[in-house]
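When we follow the working numbering, the leftmost residue of the sequence shown carries the number 1, and every step to the right adds one.
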Amino acid sequence: MSQRAAKLIFWVGTLSSLALFLGMTWDTHRSFAALTHADRLDANVVAGKRAFEKYNCNDCHTILGFGAYYAPDLTRAYKRLGEDAIRLRIASPEKVLAGSYRKMPQQHVKPEEIDRLVDFLRWVSDIDNHDWPPQDSATRWKAATRRLIGGAAMSPGAALVAQENCLSCHALGDAGEHRGPRFEYIATRRDAAWITRYLADPEAMTPGAVMPAFGTLSESQRRSVAEFITSLADRSTP
Ligand code: HEC
Ligand code: HEC
């Protein structure tokens, strides 16, 4: 190759990569307001960000790719845990996370600061960052569910019933609560296809249903749950 050809390749390659990089950077900046729902970025969200800094949450947690890798990523924490669970973890980490090998400190965060932190985490969880981080993608099995399946050799359906806290409302054997029908009883009157559809949208099948929708579960996950429930039919207690 002549020296002239080598120079040409260098300059064309460098300049076209630079143009592509600048163009994509400009395009990303142009879409920031829409991707982040800037219209919902109000004073409460900002106050939450300030509290996040005041208590150095970033010293242990990552959020939007920034922070330390000691504790779980908080980008999608609002969607993963829900509001009540987040409040509880910030207010009493020493109780809620007592069983964990790693510790979150009790920082005596004031109740109004917890409200603002929730506002902040809710806003962040709504940012469209193309299904990132992958561990919180709605199309994936939760890490905790995968641990249950692996660790206890549980059926996927049973693991999901445990992980999604169905027994906080339903009874199964000697366990659970009685806000909804007992699983063994449901097993005698419904088939797996019905339950699979019901879990995605209870209201559509039973108007006025109090039962929360589990549309975040994939169809095959809902079918696993349905098969687990219908497998209980022969153990039904009248
Ligand atoms: C010294 C480190 C540390 C600091 C500072 C800290 N955390 Fe944590 N946090 C943890 C650890 C460790 C866990 C996870 C415990 C476990 O489940 O293993 C956790 C868990 C959480 C969870 C639950 C996450 C999940 O997916 O289960 C939330 C929400 C949370 N922290 C919010 C906060 C907020 C908000 C702040 C700041 C006010 C904060 N944390 C400050 C260490 C910390
Ligand atoms: C917050 C309480 C609550 C939780 C959590 C809950 N359920 Fe329900 N569920 C109910 C109630 C109450 C009903 C009774 C029907 C109604 O009003 O919707 C019901 C009804 C059902 C039915 C239909 C019963 C029938 O024959 O009409 C199925 C199936 C069911 N739940 C499965 C589940 C599964 C699986 C989970 C966990 C993934 C779950 N539920 C979590 C409260 C709950």
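Virtual Cβ for every residue (Gly too), placed ideally from N, Cα, C.
Just so we're clear, the structure is a prediction, and the values are computed from it rather than from any experiment.
Excluding the 5 residues preceding and the 5 following residue i in the sequence, name in chain order all residues of the same chain whose CB lies nearer than 6 Å to its CB.
i	result
THR206	none
ALA47	ARG116
VAL12	none
THR196	ARG222, ARG223 and ALA226
ILE127	THR36
TRP199	In the sequence as displayed, the identity of residue 199 is Leu instead of Trp. Correct list, in chain order: PHE214 and ARG222.
Assign residue i to one of three DSSP states: helix, strand, or coil.
i	result
GLY208	coil
PHE183	helix
PRO133	coil
HIS37	coil
GLY157	helix
TYR198	helix
ALA233	helix
GLN107	coil
PRO238	Unreliable positioning characterises PRO238 in this predicted model, as indicated by a pLDDT of 42, which lies under 50. A coordinate reading is not provided.
ALA47	helix
GLY13	helix
TYR78	helix
ALA5	helix
TRP141	coil
THR188	helix
LEU20	helix
PHE214	coil
ASP27	helix
Identify the residues that DSSP records as bridge partners of residue i: which are they?
i	result
ALA171	GLY176
ILE63	PHE66
Among residues of its own chain, excluding the 5 on either side of residue i, which ones have a beta-carbon nearer than 7 Å to its beta-carbon?
i	result
ASP201	ALA213 and GLY215
MET211	GLY180 and PRO202
ARG87	ILE114 and VAL118
ILE90	VAL109, ILE114 and LEU117
SER236	Any reading at SER236 needs caution, since the residue's pLDDT is 46, under 50, leaving its predicted position unreliable; the model's value is listed next. For SER236, where only same-chain residues beyond five positions count, the Cβ hits under 7 Å are GLU184, TYR185, ALA187 and THR188.
GLY67	ASN58 and HIS61
GLN163	LYS142, ALA144, THR145 and LEU148
Between which residues of its own chain and residue i is the CB-CB distance below 8 Å, once the five residues before and five after are set aside?
i	result
ALA38	PHE32
If you follow the alpha helix (DSSP H) that residue i is part of, which residue opens it and which one closes it?
i	result
LEU88	83 to 91
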